[in-house]
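In my numbering, the protein residues as written are 21 to 277.
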Amino acid sequence: MDSILTLLAAVCQQGLAKSYQTYSSRWFYIVMLIFGFLIYQFYSASIVSALLMEKPKTIKTLRNLIDSPLELYIDNTLYMKNYFTRTTDPESIELYNKKIVVFNKITKENELHYTNLDEGLKLIKNGPFAFHIQDNMAYRVIANTFTETQICDMSEIEMMQPQHMQLVVRKLSPFRKIMTLSFRKINEYGLMARERQFWKTPIPKCVRIIKPEDIQVRIEYIYSVLMFLTVGYVTSFGILLLELFHVKFCNNKHICL
Numbered sequence: 021m022d023s024i025l026t027l028l029a030a031v032c033q034q035g036l037a038k039s040y041q042t043y044s045s046r047w048f049y050i051v052m053l054i055f056g057f058l059i060y061q062f063y064s065a066s067i068v069s070a071l072l073m074e075k076p077k078t079i080k081t082l083r084n085l086i087d088s089p090l091e092l093y094i095d096n097t098l099y100m101k102n103y104f105t106r107t108t109d110p111e112s113i114e115l116y117n118k119k120i121v122v123f124n125k126i127t128k129e130n131e132l133h134y135t136n137l138d139e140g141l142k143l144i145k146n147g148p149f150a151f152h153i154q155d156n157m158a159y160r161v162i163a164n165t166f167t168e169t170q171i172c173d174m175s176e177i178e179m180m181q182p183q184h185m186q187l188v189v190r191k192l193s194p195f196r197k198i199m200t201l202s203f204r205k206i207n208e209y210g211l212m213a214r215e216r217q218f219w220k221t222p223i224p225k226c227v228r229i230i231k232p233e234d235i236q237v238r239i240e241y242i243y244s245v246l247m248f249l250t251v252g253y254v255t256s257f258g259i260l261l262l263e264l265f266h267v268k269f270c271n272n273k274h275i276c277l
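Structure representation (structure tokens):
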């Protein structure tokens with residue numbers, strides 16, 4: 021029992037109830053104190069790293085979005101409605117039936133989760149929602165109205181896979197070679213990239229700045245320590261009651277065996 025209490029005292033960085041005379045015992049206790057100090061530093065560093073570390077983003081694919089509890093809204097445009105009408109992608113069909121066509125418990129009817137740009141971005145800004153919209157339209161509003169923390173907390177997935185666009189020319193047309201060479205030169209000289217950069221809004225960058233309100237040690241970070249402290253209080257109080265019982269009643273040999 022003394023060894024266990026000595027070990028716990030060293031880990032908890034407490035003093036000893038008695039002094040050891042042998043060098044081996046003293047070295048053992050010094051090593052245990054160093055070990056307890058390292059545990060304390062590791063635990064403190066783990067709390068700080070958990071606060072500074074970026075939260076993992078769990079929604080990375082369309083399947084993750086379907087399985088998540090997030091409500092989904094779609095930009096109220098004709099081409100989006102046409103996409104869900106004509107698509108043969110099984111995940112997009114499942115997404116439409118599960119997230120877009122939603123049963124309203126109040127009206128007892130199905131309603132479609134279509135909304136405009138302003139309302140959709142307001143939803144994802146103020147709460148846990150998902151909103152599908154053309155990226156070039158959303159990036160400009162997000163960069164101007166969202167805070168840095170809100171931008172860093174968002175995640176982006178593709179619902180419609182990008183398609184390669186091609187020019188259609190008549191078979192055996194004399195302009196085919198001219199157009200092919202012209203587009204190659206436009207791409208090689210950087211004109212295509214310049215036009216794309218000019219007309220397309222870039223993705224808002226996540227510039228993470230640590231603010232005082234971000235460094236908050238919540239209860240879940242020290243829950244294990246509080247539980248350990250509570251168990252220690254209860255155990256010590258129980259031992260105290262046993263000792264009082266022993267001192268008060270065990271003097272009578274007929275009561276205490």
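Note that CB positions come from ideal geometry on N, CA and C, so glycine has one too.
*asked:* Alpha carbons only, please: which of T105, L261 and I50 is nearest the one belonging to N117?
replied: Measuring from the Cα of N117, the nearest candidate turns out to be T105.
*Where S202 and L211 are concerned, what is the direct C-alpha to C-alpha distance, given to the nearest angstrom?*
So the two alpha carbons sit approximately 11 Å from each other.
_V122 (DSSP reduced to helix, strand or coil)_ = The answer is strand: DSSP assigns V122 an E or B state.
*For F195, which three-state DSSP category applies?*
DSSP places F195 in the coil class of the three-state scheme, outside both helix and strand.
*Which runs of the alpha helix (DSSP H), 4 residues or longer, sit entirely within the stretch 42 to 119?*
When DSSP assignments are scanned along the stretch 42 to 119, the uninterrupted stretches of alpha helix (DSSP H) that are 4 or more residues long and fall wholly within it turn out to be 43 to 72, 82 to 87, 98 to 106 and 110 to 115.
*Kindly indicate the opening and closing residues of the alpha helix (DSSP H) around F166.*
Here F166 belongs to no alpha helix (DSSP H), and DSSP marks it neither H nor E.
_Residue range of the alpha helix (DSSP H) that includes E240_ = Note, E240: premise wrong, no alpha helix (DSSP H); not H, not E.
*Mind checking who L132 pairs with in its DSSP beta bridge?*
BP columns for L132 point to V121.
*Tell me where the alpha helix (DSSP H) around G140 begins and ends.*
Residues L137 to N146.
*F248 versus T255 - alpha carbon distance*: Between the alpha carbons of F248 and T255 lies a gap of roughly 10 Å.
*asked:* Taking 7 Å as the threshold (C-beta atoms), are L82 and M179 in contact?
replied: A contact, by the Cβ cut-off of 7 Å.
_Taking the alpha-carbon of Q61 as reference, which of L72, N84, Y43 and C32 has the nearest alpha-carbon?_
Closest by alpha carbon: C32.
_Between which two residues does the alpha helix (DSSP H) holding L211 run?_
Residue range L211 to W219 is occupied by the alpha helix (DSSP H) that includes L211.
_Among the candidates K101, F166, N207 and V51, whose CA atom is the shortest distance from the CA of C226?_
When K101, F166, N207 and V51 are compared, the shortest CA-CA separation from C226 is found for F166.
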